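Report on one structure; see the data block that follows.
Chains as they are written, first to last, in the working numbering: chain R, 1 to 347; chain F, 1001 to 1328.
Right, dumping it as structure tokens:
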């Protein structure tokens, strides 16, 4: 692999990793599933650049990288939040949910300052040229498996791309960004070990507000709020296999939400599990954000997921071409962000 | 939700205990997973054997919509496609399968026997334990003469370091589950006469070399990669995880061990282990894996019955020793 054919990392951002939809089938070997924290945004980003949904893209966590194009041309799209800023001439700001055609030598910042979400996805037309590990290109940072050398990107890395040149054509965009539902409660199904908690704890869990702490990474999100008391069965269980979205409560009574890179087995009771449709919404929370939980039945959770998939299909169908030379004025973008920020704060 | 207890809403269904078979509880673990549990919240190898009997039955049944099963010590997580399969229907199938699983005493489990060399108190675990004393806890009672084995002797009422080593090498170790880290086995002694136990480090040890072997509670683990750890260390063995696949043993899967494997320890010198490890990485070492054996639970249970007096005596001695031993 020539080291000059790809995206060169000028600065890596907080934690930028290669992720696809996850590594399934190896949990029985202790291998975490990994994959995008927010698979919906990954799928939208891929769709915009014309990739299949499971194509590996860059996951940007908290703040994004600066990259230099070292192929003849490429096309990328950012989804989930933030803006893409081309810093070489012609300087441009490209909003998320819109593709952009870039040439060799172009330098761009992607999601440099995420404000509304903790993560965003940069999809690249044709994807990356890396070898899958155990069937997936997802990076498990903790286990040092997959992605780019089993780790997050560092300055000086050159991420090899599968395609060195893309056609010039009209750019694609979502006419409207996905609706902001961040203020709504996070829906959960009770259990599997809700019977390890007092009735009071279950009530507290559904009425209190929890705050996302700084202890938040791809493995999990530690929350702070009213203590959840275990009943007389205690808080040690014989280790069992765990799922993404499980909310485990150790002796401290402070809940921990397990995310994509979580270990495969664990020994604390899980009071509830976030429904599959809401896992991306949780992953988008940022330290300091508030979370309220709401119980739903499994049947409701399944319906919500079906509706979400239908919604996503509609979103895909709404993708339209846009003027490739459209230059969004910075003021316009910043004011957009500001307005949505105000809406968030009001809730 | 009607008819279900408020505090126990995750439980979908139960199969009451019947003969040898423990109670089965089916729980929701979100909207894409079912957690199946056997019996009480205790670890019993018989329950673990049954988990693998059921896992085989699920595989044979080829249930449309089942994506993955994750067997653990006494439970199994079943990942299903909720757009294809209704959980109530899946539970019905699983309940039906219970009658296809032979009673545990007639289970025959495909089980590989794997001989692994081990260097007790090798230089690498010794170095990390030394660092722990220097930087983490000077007065750790679980470190005697620079290692953990003499503490394990003390805690289990054994007379010497050599006796601990003999105990470790006198039984096969059943790999009941892989978890926590890619390829990390949770192994339990098949011969309870040698079932040593040990409390964990306090605080956790910041360093452990790759290939280290140690014990926490009743469970022996091998560290697949260098990492922090809490287990009392025995020594070091060969790599059990190699993403670079430098040895034919890792050709199909970078993870060496599977649940249901039985590990036997072959003591070697520290220098010898170094030579063997180099051979693993140059590809010339052949791991000693016997893959055609079956594990007959019936004869195993008969064996357990034949030694139960000795086991009781060991456990008495062990409990006495643990009472007077310091805890980290």
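For each residue, glycine too, the CB sits at the ideal point set by N, CA and C. Small disclaimer: the values here were computed from a predicted structure and weren't measured.
Residue interval of the beta strand (DSSP E) (run including residue i)
i: residue 1013/F; result: 1011–1015
i: residue 66/R; result: 66–69
i: residue 1235/F; result: 1232–1236
i: residue 1317/F; result: No beta strand (DSSP E) holds residue 1317/F; the alpha helix (DSSP H) holding it covers 1308–1324.
i: residue 187/R; result: 186–190
i: residue 1177/F; result: 1173–1178
i: residue 93/R; result: 92–95
i: residue 1266/F; result: 1262–1267
i: residue 78/R; result: 73–79
i: residue 1226/F; result: Note, residue 1226/F: premise wrong, no beta strand (DSSP E); not H, not E.
i: residue 1120/F; result: 1113–1120
i: residue 1026/F; result: 1024–1028
i: residue 222/R; result: 220–224
Where residue i falls: helix, strand or coil (DSSP)
i: residue 116/R; result: coil
i: residue 365/R; result: Look at the range of chain R in this structure, 1 to 347, and you will see that residue 365/R is not part of it.
i: residue 137/R; result: coil
i: residue 19/R; result: strand
i: residue 61/R; result: strand
i: residue 39/R; result: helix
i: residue 335/R; result: Annotation note: pLDDT 40 at residue 335/R (below 50); position unreliable, no value reported.
i: residue 215/R; result: strand
i: residue 14/R; result: coil
i: residue 195/R; result: helix
i: residue 1095/F; result: helix
i: residue 1192/F; result: helix
i: residue 1068/F; result: strand
i: residue 1138/F; result: coil
i: residue 1037/F; result: strand
i: residue 1101/F; result: coil
i: residue 168/R; result: coil
i: residue 29/R; result: helix
i: residue 298/R; result: helix
i: residue 123/R; result: strand
i: residue 109/R; result: strand
i: residue 287/R; result: coil
i: residue 1206/F; result: coil
Whether residue i touches residue j by CB criterion (9 Å)
i: residue 43/R; j: residue 259/R; result: no
i: residue 1228/F; j: residue 1239/F; result: no
i: residue 1150/F; j: residue 1265/F; result: no
i: residue 1268/F; j: residue 1117/F; result: yes
i: residue 163/R; j: residue 127/R; result: yes
i: residue 270/R; j: residue 192/R; result: yes
i: residue 106/R; j: residue 55/R; result: no
i: residue 1031/F; j: residue 305/R; result: yes
i: residue 104/R; j: residue 72/R; result: yes
i: residue 120/R; j: residue 129/R; result: no
i: residue 1206/F; j: residue 1307/F; result: no
i: residue 275/R; j: residue 257/R; result: no
i: residue 283/R; j: residue 1179/F; result: no
i: residue 167/R; j: residue 98/R; result: no
Residue burial classification, residue i (beta-carbon count within 10 angstroms, cutoff 16)
i: residue 75/R; result: buried
i: residue 135/R; result: exposed
i: residue 1106/F; result: exposed
i: residue 1083/F; result: exposed
i: residue 1010/F; result: buried
i: residue 1303/F; result: exposed
i: residue 154/R; result: exposed
i: residue 51/R; result: buried
i: residue 1145/F; result: exposed
Closest Cα partner of residue i within the set the options
i: residue 277/R; options: 56/R, 37/R, 121/R; result: 37/R
i: residue 1260/F; options: 1198/F, 1073/F, 1203/F, 1094/F; result: 1073/F
i: residue 1112/F; options: 1086/F, 1256/F, 1328/F, 1219/F; result: 1256/F
i: residue 1070/F; options: 50/R, 217/R, 24/R, 275/R; result: 24/R
i: residue 1186/F; options: 1161/F, 1175/F, 1192/F; result: 1175/F
i: residue 1199/F; options: 1126/F, 1167/F, 1327/F, 1033/F; result: 1327/F
i: residue 1126/F; options: 1276/F, 1296/F, 1235/F; result: 1235/F
i: residue 1043/F; options: 257/R, 239/R, 286/R, 68/R; result: 239/R
i: residue 1214/F; options: 1152/F, 1271/F, 1054/F, 1102/F; result: 1152/F
Within-9 Å CB hit, residue i to chain B
i: residue 191/R; result: Among the protein chains of the structure shown, namely R and F, there is no chain B.
Boundaries (first-last residue) of the alpha helix (DSSP H) holding residue i
i: residue 280/R; result: 279–283
i: residue 1170/F; result: 1161–1170
i: residue 1051/F; result: 1045–1061
i: residue 320/R; result: Run containing residue 320/R: none in the alpha helix (DSSP H); it sits in the beta strand (DSSP E), 320–322.
i: residue 1295/F; result: Residue 1295/F -> not in any alpha helix (DSSP H); beta strand (DSSP E) instead, spanning 1294–1296.
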